[in-house]
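K.L.:
Handing you this structure, nothing more for now.
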Amino acid sequence: MESIKKRMEELEIIIEEANYNYHTLDKPTISDYEYDKYLHELKDLEEKYPHFKSKTTPTQKIGGVVLDKFKKVIHREPMMSLSNAFNFDDLTSFDEKIKKEGFDVTYDVELKIDGLAITLLYENGILIEALTRGDGITGEDVTENIKTIKTVPLRLKEPLDIEIRGEVFMPFKSFDKVNLEKIELEEEPFKNPRNAAAGTIRQLDSKIVAKRDLDMFTYTVVNPESYNLKTQAEVLEFMSTLGFKVNNYSRTLKNINEVIEVINEFDKLRHSLPYDTDGAVIKVNELELYPQIGYTAKAPKWAIAYKFAPEEVETKLIDITFQVGRTGVITPVANLESVLISGSTVSRATLHNEDYINNLDIRIGDVVKLRKAGEIIPEVFKVVLEERKDTNPFKMITHCPSCGEELIKESVDYFCINPNCKAQMVNKIIHFASRPAMNIDTLGEKVVTQLFNHGLLLDIKDIYLLKNHRETLINLERMGKRSVDKLLNAIEESKNNTLDKLLFGLGIRHVGAKVSKTLLEVYPTLELLSKATIEDLQTIYEIGPEIAKSVVSYFKSEYAIKLISFFKENGFNMEYQVKVVDKESNVFDKMFVLTGKLPTLTRNEASDLIINAGGKVMSSVSKNTDYVLFGEEAGSKLKKAHELGIKTITEAELLEMLKNE
Ligand code: IVH
10 MESIKKRMEE LEIIIEEANY NYHTLDKPTI SDYEYDKYLH ELKDLEEKYP HFKSKTTPTQ
70 KIGGVVLDKF KKVIHREPMM SLSNAFNFDD LTSFDEKIKK EGFDVTYDVE LKIDGLAITL
130 LYENGILIEA LTRGDGITGE DVTENIKTIK TVPLRLKEPL DIEIRGEVFM PFKSFDKVNL
190 EKIELEEEPF KNPRNAAAGT IRQLDSKIVA KRDLDMFTYT VVNPESYNLK TQAEVLEFMS
250 TLGFKVNNYS RTLKNINEVI EVINEFDKLR HSLPYDTDGA VIKVNELELY PQIGYTAKAP
310 KWAIAYKFAP EEVETKLIDI TFQVGRTGVI TPVANLESVL ISGSTVSRAT LHNEDYINNL
370 DIRIGDVVKL RKAGEIIPEV FKVVLEERKD TNPFKMITHC PSCGEELIKE SVDYFCINPN
430 CKAQMVNKII HFASRPAMNI DTLGEKVVTQ LFNHGLLLDI KDIYLLKNHR ETLINLERMG
490 KRSVDKLLNA IEESKNNTLD KLLFGLGIRH VGAKVSKTLL EVYPTLELLS KATIEDLQTI
550 YEIGPEIAKS VVSYFKSEYA IKLISFFKEN GFNMEYQVKV VDKESNVFDK MFVLTGKLPT
610 LTRNEASDLI INAGGKVMSS VSKNTDYVLF GEEAGSKLKK AHELGIKTIT EAELLEMLKN
670 E
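What the sequence shown shows, in my numbering, is residues 10 to 670, in sequence order.
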């Protein structure tokens, strides 16, 4: 027994070291394979011998704790924010004020990391609490989520009682990955890495947080004098020796002119960094002067944040090409001279649509300004007119670049409506086979295009007829027996997918992964769904007129009718398993309408609670409504409920109804 405990301690140390070397120092010492092996061994032992599981075990980095809400906690020391400087004059006056008070100071300059402030409390060297800033006085306890961040030590290199503060952020690489997934699922992508980090930290399921690859730079020790620290430079060094990740671009400088020079360097540097910075933080280096220099109500007078102008770069527009999406929509794309922005090299950018190009008068050959507005693909937002040479005004194409069909204009977009258009079909098939849809392994862009060109895959249903062409497939380039069988197996396997994946895969405009589920919760087969009218669909919570119209018009088409009978005849799973719920529950099958501002729950939280307990949430009150859940400033829906004699309930009454769930 003792030897098992010892082995577990040994594994903890090995994994902790490996984490530190890999994530904090960026110098891996063991292979991923070895790392996984040790981690598995420790996880297995922890399952078998839970009483030996250490409080600081690195297996916590994988997450697993699910909370129902975050606890509010009062900060031991308030978390202040900083005053801002928007230009160098603001910095000079910051310096002059300090000098006028007679202080002789040097400055520490750091990058301002664009994320969210978090404070970490260690007792005896063990992380016991992590809080958000909140309003500066009270924060939220996000300890379980913070524990999943690889660069946050669960145990310090010394057994200290200490509070450390810093910025949690999402590196561009993880941000792009998360947003790509969101876009695939047709969910709204995060606007920028800061929102993504903040949104992730507010996740109640720490497993999701663990997958998002957040990171943290620390920049403050609370009560540094207790650790005999004299300057901010020493603070940074000290945190580093304790095992924290500290940004290594900080500099100690003699005067404000040197500070300004370094900020100019930072401003150039930031385009190539793998994380987002929105400025520089300038701090008096001598900690003993802080109480004397003092504080305003909100911020210290010994520090200031200099804000960079939003990141933009200039480059040349070489050409404008056109992409045909799976719905037939034509998107103009800027082909650019390669340029570095937000840590990645960019040579293409979206131009959205014809109006966008004309409004900005963007022309081939122009020098244009580019920014990364949250999306993965940056956008051209301005032309540098002073540099315009010989150019011609932009002219939208009139025919599909793929099949030559004449384009149709609908609102601001142009569409190719040829059902046999190659680009459209290829994109439709790629979408159908993609991971969040039917998840057919290896049926990606290259293979779909190859099979399309061989006439083997001209439509979605052809995917399921490929098994009749096994020999032909095996003889194709880059194919072979094993990969063909793997592909054919994955195709057959996909017929068992849940119906929401199939519905999403159809690529109906405005019907993303979440909307598919919402629709099927109410209409659990495609047959039922195809009979619903625009009005029927609009009574479902979160289904607006655009989605409703698009669904109805899709199911009316000859193409959809044929495709759906094909699915039925070929053994696809055609019934959606509506969430298994307690049929005895008070809310089972009851129709709710929400109105007004609830005291503690958001509207989304309340509707999730209802749906998870088997109830339904609709957007408008009718005689079929069972309950109207109302909060402050409830309007016409509450009035209508009274008129129709429908029962109205408060949040507290809802929670009472759900208390056994
Ligand atoms: S020092 C009294 N250093 O910027 C507050 N803050 O605008 C001391 N931030 O709330 C904060 N990088 O969230 C400091 N190197 C850095 C920072 C930094 C980012 C954030 C932090 C702070 C906000 C102030």
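Built from N, CA and C at the ideal position, the CB exists for glycine as well. Bear in mind the structure is a predicted one, so any value in this text is a computation, not a measurement.
Which residue comes first and which comes last in the alpha helix (DSSP H) that contains S672?
P.N.:
Nothing about residue 672 can be read from this structure; the chain reaches only from 10 to 670.
K.L.:
Distance check for D98 and E193, CA to CA, integer angstroms please.
P.N.:
Here residue 193 refers to the residue found at position 184 of the sequence shown. Here residue 98 refers to the residue found at position 89 of the sequence shown. Straight-line Cα distance between these residues: approximately 46 Å.
K.L.:
Using only the alpha-carbon positions, how far apart do V626 and T548 sit?
P.N.:
In the sequence shown, the residue the question calls residue 626 occupies position 617. In the sequence shown, the residue the question calls residue 548 occupies position 539. Taking the straight line from one Cα to the other gives about 9 Å.
K.L.:
Within 6 Å: the Cβ of P402 and any heavy atom of ligand 1?
P.N.:
In the sequence shown, counting from the first residue as 1, residue 402 sits at position 393. No, Cβ of P402 sits at least 6 Å from all heavy atoms of ligand 1.
K.L.:
If you draw a straight line from the alpha carbon of H519 to that of N436, how long is it in whole angstroms?
P.N.:
Within the sequence shown, residue 519 is the residue found at index 510, counting from 1. Within the sequence shown, residue 436 is the residue found at index 427, counting from 1. Cα to Cα, the separation comes out at about 16 Å.
K.L.:
Going by the beta-carbon positions, is the gap between P202 and F184 smaller than 7 Å?
P.N.:
By one-based count along the sequence shown, residue 202 stands at place 193. By one-based count along the sequence shown, residue 184 stands at place 175. Yes, they are a contact pair.
K.L.:
Cβ-heavy atom distance between V290 and ligand 1 below 6 Å?
P.N.:
One-based indexing of the sequence shown puts residue 290 at position 281. Within the cutoff, so yes.
K.L.:
Which same chain residues end up closer than 8 Å to R335 when comparing Cβ atoms and leaving out the 5 residues on each side of it in sequence?
P.N.:
Start at 1 with the first residue of the sequence shown, and residue 335 comes out as number 326. Once the five neighbours on either side are set aside, the close Cβ partners of R335 are Q433, N436, K437, I439, H440 and G516.
K.L.:
By DSSP's criteria, M600 is part of a beta bridge. Which residues make up the other side?
P.N.:
Reading the sequence shown from its first residue, position 591 is the one you call residue 600. According to DSSP, which records beta bridges pairwise, M600 is partnered with K625.
K.L.:
Can you tell me which of the three DSSP states R612 falls into?
P.N.:
Locating residue 612 in the sequence shown gives position 603, where the first residue counts as 1. Three-state DSSP puts R612 in a helix.
K.L.:
Is it true that the CB of T286 sits closer than 7 Å to the CB of L120?
P.N.:
In the sequence shown, the residue the question calls residue 120 occupies position 111. In the sequence shown, the residue the question calls residue 286 occupies position 277. Yes, they are a contact pair.
K.L.:
To the nearest angstrom, report how far apart T128 and N621 are at their CA atoms.
P.N.:
Here residue 128 corresponds to residue number 119 of the sequence shown, with the count starting at 1. Here residue 621 corresponds to residue number 612 of the sequence shown, with the count starting at 1. When rounded, the distance between both Cα atoms is 34 Å.
K.L.:
What's the C-alpha gap between Y131 and A306?
P.N.:
By 1-based counting over the sequence shown, the position of residue 131 is 122. By 1-based counting over the sequence shown, the position of residue 306 is 297. Roughly 28 Å separates the two Cα atoms.
K.L.:
For S90, verify whether its CB is less than 6 Å away from any heavy atom of ligand 1.
P.N.:
For this step, residue 90 is matched to residue 81 along the sequence shown. Yes - ligand 1 has a heavy atom lying nearer than 6 Å to the Cβ of S90.
K.L.:
Within its chain, find whatever has a CB closer than 7 Å to the CB of I350; leave out the 5 residues flanking it on each side and keep chain order.
P.N.:
The residue given as residue 350 occupies position 341 in the sequence shown. These residues qualify, in order along the chain: H280, E320, V322, L379, K381 and P387.
K.L.:
Who are the Cβ neighbours of K46 in its own chain at under 7 Å, not counting the five residues just before and after it?
P.N.:
Taking the first residue of the sequence shown as 1, we reach residue 46 at position 37. Hits under 7 Å: none found.
K.L.:
DSSP three-state call for H651: helix, strand or coil?
P.N.:
As a first step, residue 651 is located in the sequence shown; it is residue number 642 there, counting from the start. It is helical.
K.L.:
Which residues bound the alpha helix (DSSP H) around I265?
P.N.:
Within the sequence shown, numbered from 1, the residue matching residue 265 stands at position 256. Run containing I265: I265 to L278, per the alpha helix (DSSP H) assignment.
K.L.:
Is I406 close to ligand 1? I mean its beta-carbon at under 6 Å from any heavy atom of the ligand.
P.N.:
Reading the sequence shown from its first residue, position 397 is the one you call residue 406. Not so, every heavy atom of ligand 1 lies at least 6 Å from the Cβ.
K.L.:
Mapping the DSSP letters down to three states, classify T229 as helix, strand or coil.
P.N.:
As a first step, residue 229 is located in the sequence shown; it is residue number 220 there, counting from the start. Of the three classes helix, strand and coil, the one that applies to T229 here is strand, per DSSP.
K.L.:
Whose C-beta lies closer than 8 Å to the C-beta of K81 among residues of the same chain, with five residues either side of it excluded?
P.N.:
Position 72 of the sequence shown, counted from the first residue, corresponds to residue 81. The residues are G143, T147, G148, E149 and D150.
K.L.:
Determine the burial state of G489: buried for a count of at least 16 other Cβ atoms within 10 Å of its Cβ, exposed for fewer.
P.N.:
Here residue 489 corresponds to residue number 480 of the sequence shown, with the count starting at 1. By the neighbour-count rule (16 or more Cβ atoms within 10 Å), G489 is not buried but exposed.
K.L.:
Can you look up E149 in the DSSP assignment and give me helix, strand or coil?
P.N.:
As a working note, residue 149 is residue 140 in the sequence shown. Looking at E149 - three-state DSSP - the assignment turns out to be strand.
K.L.:
Can we count E176 as close to ligand 1, meaning its CB is less than 6 Å from some heavy atom?
P.N.:
Against the sequence shown, residue 176 aligns to sequence position 167. Yes; taking the cut-off as 6 Å, the Cβ of E176 has a heavy atom of ligand 1 nearer than that.
K.L.:
CA-CA distance, S574 and G624?
P.N.:
Working through the sequence shown from its first residue, we reach residue 574 at position 565. Working through the sequence shown from its first residue, we reach residue 624 at position 615. Rounded to the nearest angstrom, the two C-alpha atoms are 31 Å apart.
K.L.:
State yes or no: is the C-beta of A139 nearer than 6 Å to some heavy atom of ligand 1?
P.N.:
Here the question's residue 139 lines up with position 130 in the sequence shown. The answer is no for A139.
K.L.:
Would you call the region 323-331 and the region 364-374 touching, i.e. three or more CB-CB distances under 8 Å?
P.N.:
As far as the Cβ criterion goes, the region 323-331 touches the region 364-374, which means the pair count is three or higher.
K.L.:
Consider the C-beta atom of A126 and the heavy atoms of ligand 1; say whether any pair is separated by less than 6 Å.
P.N.:
The residue given as residue 126 occupies position 117 in the sequence shown. Yes.
K.L.:
Do S92 and A318 have their beta-carbon atoms positioned less than 7 Å apart in this structure?
P.N.:
For the purposes of this step, residue 318 is taken as residue 309 along the sequence shown, with counting starting at 1. For the purposes of this step, residue 92 is taken as residue 83 along the sequence shown, with counting starting at 1. Their beta carbons are not under 7 Å apart, which means A318 does not touch S92 by this criterion.
K.L.:
Taking contact to mean 3 or more Cβ pairs, one atom from each stretch, closer than 8 Å, check whether the region 228-239 and the region 152-167 are in contact.
P.N.:
No, the region 228-239 is not in contact with the region 152-167.
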